[in-house]
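Novice:
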């Protein structure tokens, strides 16, 4: 009898959940903070040096960060990011700031106010001003900065001295007001060195007032900013830019639109695939995946995290990860149905036996994402944050959400005589009387012998590796400025561009281009790399020139050699730590003979991607490392699923005495998990291809790396990792004579896939 109350409960719960999603989604999306790559803005990494040459300690960094925070308040930027990094660096991110040149100037200027006589002798400093006593005012209907002095008596004596100075033949009774006066360079007597001089009023009388007006042909905005700067106080340190990047608002808006479009198309295609292939379970997957997307964004909002362009890519890829957990469960339910179990029994066994596989696969990927978060910077850290949240939310929704919703339907008895709703054909279902087991269950791939030609696959992979090493020596890697140094300029035009035209434009500005890459469907975009590390003044000038030439503000990034080397070092460290972590985890959960092949296969995948990038000359930037570690996570995910099935099939044998038995176990395990491997990589590839075709140009190489890596991951888990384990296990068999595989239920999760 069909229990309609359970079906009704499903619809009521679904209606409530989706009503909540519909009424809150807009507010959540509006509250999520967008990174500067999505709304424009700039980011700068400062190296901090003390003014007196003393050691930079935590107290100095903290006080500097506080001073920078006050400067940012002057700019009126909402929710800036100021992070202390390492022993002597501070990273500042200002998303949405309109006047980037002015923001950079206000952040880095010392704002040391000084009053000096004609001989450049310091008479007063900013310390003589009353705290918070500067404000914008007017004199003769012109904007000025009015400051309040602490000691009017001191100013009286200074005005007496200055007014007594002669006016002929040269006017010397002046009180020059300087901002960031540089000893030995600046002087009122050298007109070409007075850029930092605000004004130089003539003093002809003695003043007893405690208020002084600073004049200097200000606009109202300039006068207000100077007043705010003086109130914020001078910086206690010297700041040197080691890395900077700026994104125009137009670039950010287009990147956001393109990537969201790619996400919608990719996710819609994944939903369609799940519905067509898995039928009713696919419908449940669509429901839980929709909830997963909402929960991920909700948690992101609660954390006040910053959503970056790679972060959106991670969210889209996370859908593939969430689908994987569903696919593992659905494939196991189908296997149980084929054995002749009832829908209820198959549902129960399938859920129980897939839990460990899903857990292992997610934990290993989570490990790679965690390493990426620790060693990533800026947008890469945002990618890692989104990926970690996605993995956790996918586990919750795919394991608990899917089981709860599907359980309502299964336990309603509506599918008791309809296994076809689960994508299982009647002709594939055996009778329980046949006493079929998972080990003897036929598959669509029984005619394929995956082990027989393993030495050929070894030779093929070794040959590719050797060729790859040669290619790396010949072609080398096209390292972006993230790992070397220099400046990168991204810009667009309203019409098609040519390399000759761009080179000529840079040549007129006095810059020699190292490389020029055209982008866009009609070559309306250009990416130019310069060997020079441009300073803030040069960046400002270049922006003005190119805005005039192409009518859009370019994105400019510059990296110092020290930071480039550090990023490269951290990238290598991240891959190494992720590999060691995976070896340790797999050794504990499985055995070292599985851990070693797993790491060999993932390094094989990563190296192949690096080789392809070398041959094609594609640029390797910091997001490439994010792609490599994502590939590591997905590669180990796929390998873990196969190893789980190998372990389960070994347990069903109790004892293994011959090589032929090991060969049979590996072949059967690969056949049984191959559908899952194909379907999982297919759903992820749908998302990646959508990102490649429709996503932002700035993550195109990131998407290409993922595409290559995903395909390699399936190959290596089938033809490298599993076969390598077979050879290692065969050696153990020859040493021991017999392998005992009786499971210890207390020490392992029950029922592996």
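Residue numbers (our numbering): 2 to 754.
From the three backbone atoms N, C-alpha and C, an ideal C-beta is built for every residue, glycine too.
Count the CB pairs spanning the segment 299-306 and the segment 405-417 that are closer than 8 angstroms, and state whether there are at least three.
Specialist: Because the criterion of three Cβ pairs below 8 angstroms is not met, the segment 299-306 and the segment 405-417 do not touch.
Novice: Looking at C-beta atoms only, is the number of pairs between the segment 24-35 and the segment 214-226 that lie closer than 8 angstroms three or more?
Specialist: With a cut-off of 8 angstroms, the segment 214-226 and the segment 24-35 do not count as touching, because too few Cβ pairs lie within range.
Novice: Can the beta-carbon of residue 707 be found closer than 8 angstroms to that of residue 599?
Specialist: Locating residue 707 in the chain shown gives position 706, counting from the first residue. Locating residue 599 in the chain shown gives position 598, counting from the first residue. In this structure, residue 599 does not lie closer than 8 angstroms to residue 707 by Cβ.
Novice: Take the Cβ of residue 234 as the centre, count every other Cβ of all protein chains shown within 10 Å, and call the residue buried at 16 or more, exposed below.
Specialist: The residue labelled residue 234 in the question sits at position 233 within the chain shown. Counting Cβ neighbours within 10 Å, residue 234 comes out buried, since at least 16 surround it.
Novice: Could you compute how far the alpha carbon of residue 211 sits from the alpha carbon of residue 152?
Specialist: In the chain shown, counting from the first residue as 1, residue 211 sits at position 210. In the chain shown, counting from the first residue as 1, residue 152 sits at position 151. Cα-Cα distance, rounded: 7 angstroms.
Novice: Sorted by chain position, which residues of the same chain lie with C-beta nearer than 6 angstroms to residue 47's C-beta, five sequence neighbours on each side aside?
Specialist: Within the chain shown, numbered from 1, the residue matching residue 47 stands at position 46. The answer, listed in chain order, is 91, 240.
Novice: Identify, in the order they occur along the chain, each residue of the same chain with its Cβ nearer than 7 angstroms to the Cβ of residue 217, setting aside the five sequence neighbours on each side.
Specialist: Here residue 217 refers to the residue found at position 216 when the chain shown is read from its first residue. The residues are 199, 200.
Novice: Please report the Cβ distance between residue 337 and residue 346, rounded to the nearest whole angstrom; I am assuming they are in contact, meaning their Cβ atoms lie under 8 angstroms.
Specialist: The count along the chain shown starts at 1 and reaches residue 337 at position 336. The count along the chain shown starts at 1 and reaches residue 346 at position 345. With a Cβ gap of about 7 angstroms, residue 337 and residue 346 count as contacting.
Novice: Residue 615: buried (16+ other C-beta within 10 angstroms of its C-beta) or exposed?
Specialist: Counting from 1 along the chain shown, the entry for residue 615 is found at position 614. Buried, since its Cβ has 16 or more Cβ neighbours within 10 Å.
Novice: How about the segment 165-181 and the segment 249-256: do they share at least three Cβ pairs that are nearer than 8 angstroms?
Specialist: The segment 165-181 vs the segment 249-256: no contact.
Novice: Could you tell me the distance, in whole angstroms, from the CA atom of residue 148 to the CA atom of residue 215?
Specialist: Here the question's residue 148 lines up with position 147 in the chain shown. Here the question's residue 215 lines up with position 214 in the chain shown. If I take the Cα positions, the gap works out to 8 angstroms.
Novice: Would you give the residue range spanned by the alpha helix (DSSP H) that residue 321 belongs to?
Specialist: Numbered from its first residue, the chain shown carries residue 321 at position 320. 310-339 is the extent of the alpha helix (DSSP H) around residue 321.
Novice: With respect to the beta strand (DSSP E) encompassing residue 93, which residues constitute its N-terminal and C-terminal limits?
Specialist: Position 92 of the chain shown, counting from 1, holds the residue named residue 93. 90-96 is the extent of the beta strand (DSSP E) around residue 93.
Novice: Residue 177 lies in the beta strand (DSSP E); which residues open and close that run?
Specialist: If you number the chain shown from 1, residue 177 lands on position 176. Here the beta strand (DSSP E) through residue 177 covers 177-180.
Novice: Mind reading off the beta-carbon distance from residue 687 to residue 311? Whole number of angstroms is fine, and I expect it under 8 angstroms.
Specialist: Counting from 1 along the chain shown, the entry for residue 687 is found at position 686. Counting from 1 along the chain shown, the entry for residue 311 is found at position 310. Not really, about 19 angstroms apart at Cβ, beyond 8 angstroms.
Novice: Measure how close the beta-carbons of residue 39 and residue 308 come, nearest whole angstrom, since I'm counting them as under 8 angstroms.
Specialist: Reading the chain shown from its first residue, position 38 is the one you call residue 39. Reading the chain shown from its first residue, position 307 is the one you call residue 308. That belief holds up - the Cβ atoms of residue 39 and residue 308 are roughly 7 angstroms apart, short of 8 angstroms.
Novice: Tell me, to the nearest whole angstrom, how far the beta carbon of residue 329 is from that of residue 677; I am working on the premise that it is less than 8 angstroms.
Specialist: What you label residue 329 is simply residue 328 of the chain shown in a count that begins at 1. What you label residue 677 is simply residue 676 of the chain shown in a count that begins at 1. About 6 angstroms separates the two Cβ atoms, so the contact holds.
Novice: Please specify which runs of the alpha helix (DSSP H), each continuous and at least 4 residues long, are wholly inside the segment 507-537, giving them in chain order.
Specialist: Fully enclosed alpha helix (DSSP H) runs of 4 or longer: not present.
Novice: Thinking C-beta only, is residue 127 closer than 8 angstroms to residue 136?
Specialist: Counting from 1 along the chain shown, the entry for residue 136 is found at position 135. Counting from 1 along the chain shown, the entry for residue 127 is found at position 126. No. Outside cutoff.
Novice: Is it true that the CB of residue 371 sits closer than 8 angstroms to the CB of residue 389?
Specialist: Taking the chain shown and counting its residues from 1, one reaches residue 389 at position 388. Taking the chain shown and counting its residues from 1, one reaches residue 371 at position 370. Their beta carbons are under 8 angstroms apart, which means residue 389 touches residue 371 by this criterion.
Novice: Report buried or exposed for residue 96, applying the criterion of at least 16 other Cβ atoms within 10 angstroms of its Cβ.
Specialist: Within the chain shown, the letter at position 95 stands for residue 96. Its Cβ being crowded by 16 or more others within 10 Å, residue 96 is buried.
Novice: Helix, strand or coil: how does DSSP classify residue 744 here?
Specialist: By 1-based counting over the chain shown, the position of residue 744 is 743. Confidence at residue 744 is low in this model, with a pLDDT of 46, below 50, so its placement is unreliable and no value can be given for it.
Novice: Leaving out the 5 sequence neighbours to the left and right, which residues in its chain are closer than 6 angstroms to residue 747 when beta-carbon positions are compared?
Specialist: In the chain shown, counting from the first residue as 1, residue 747 sits at position 746. Its pLDDT being 40, under 50, residue 747 is placed unreliably in this model, and the value from its coordinates should be taken loosely. Closer than 6 angstroms at the Cβ level, and outside the excluded window around residue 747, lies no residue.
Novice: DSSP three-state call for residue 207: helix, strand or coil?
Specialist: Within the chain shown, the letter at position 206 stands for residue 207. Coil.
Novice: Reducing DSSP to helix, strand and coil, say where residue 16 ends up.
Specialist: Looking up residue 16 in the chain shown gives position 15. If DSSP states are grouped into helix, strand and coil, residue 16 belongs with the helices.
Novice: Give the straight-line distance between the Cα atoms of residue 318 and residue 251, rounded to the nearest whole angstrom.
Specialist: The residue given as residue 318 occupies position 317 in the chain shown. The residue given as residue 251 occupies position 250 in the chain shown. Each residue's alpha carbon lies about 26 angstroms from the other.
Novice: Going by DSSP, which residues form a beta bridge with residue 479?
Specialist: Within the chain shown, the letter at position 478 stands for residue 479. Note: residue 479 sits in a beta bridge opposite 620.
Novice: Is DSSP giving residue 440 helix, strand or coil here?
Specialist: By one-based count along the chain shown, residue 440 stands at place 439. Three-state DSSP puts residue 440 in coil, outside helix and strand.
Novice: Check whether the segment 671-685 touches the segment 629-643, counting contact only when three or more Cβ pairs, one atom from each stretch, lie closer than 8 angstroms.
Specialist: The segment 671-685 is in contact with the segment 629-643.
Novice: Have a look at residue 533 and residue 482 and give me their C-alpha separation to the nearest angstrom.
Specialist: One-based indexing of the chain shown puts residue 533 at position 532. One-based indexing of the chain shown puts residue 482 at position 481. The straight-line gap from Cα to Cα measures roughly 10 angstroms.
Novice: Please report the residue range of the beta strand (DSSP E) in which residue 164 lies.
Specialist: What you label residue 164 is simply residue 163 of the chain shown in a count that begins at 1. Taken as a continuous stretch (DSSP letters only), residue 164 belongs to no beta strand (DSSP E), being part of the alpha helix (DSSP H) at 153-164.
Novice: Which whole-angstrom value is the C-beta distance of residue 494 and residue 551, which I expect to be below 8 angstroms?
Specialist: To locate residue 494, count along the chain shown from 1; it is residue 493. To locate residue 551, count along the chain shown from 1; it is residue 550. Confirmed, about 4 angstroms.
Novice: Where does residue 657 sit, in a helix, a strand or coil, going by DSSP?
Specialist: On the chain shown, position 656 is the one that residue 657 refers to. Looking at residue 657 - three-state DSSP - the assignment turns out to be strand.
Novice: Between residue 543 and residue 510, which are expected to be in contact by the criterion C-beta below 8 angstroms, what is the C-beta distance as a whole number of angstroms?
Specialist: Position 542 of the chain shown, counted from the first residue, corresponds to residue 543. Position 509 of the chain shown, counted from the first residue, corresponds to residue 510. At roughly 7 angstroms, the Cβ-Cβ gap stays under 8 angstroms, so residue 543 and residue 510 are in contact.
Novice: Does DSSP put residue 43 in a helix, in a strand, or in coil?
Specialist: Looking up residue 43 in the chain shown gives position 42. Strand at residue 43.
Novice: If you reduce the DSSP assignment to three classes, tell me which class residue 110 lands in.
Specialist: To locate residue 110, count along the chain shown from 1; it is residue 109. Reduced to three states, the DSSP call for residue 110 is coil.
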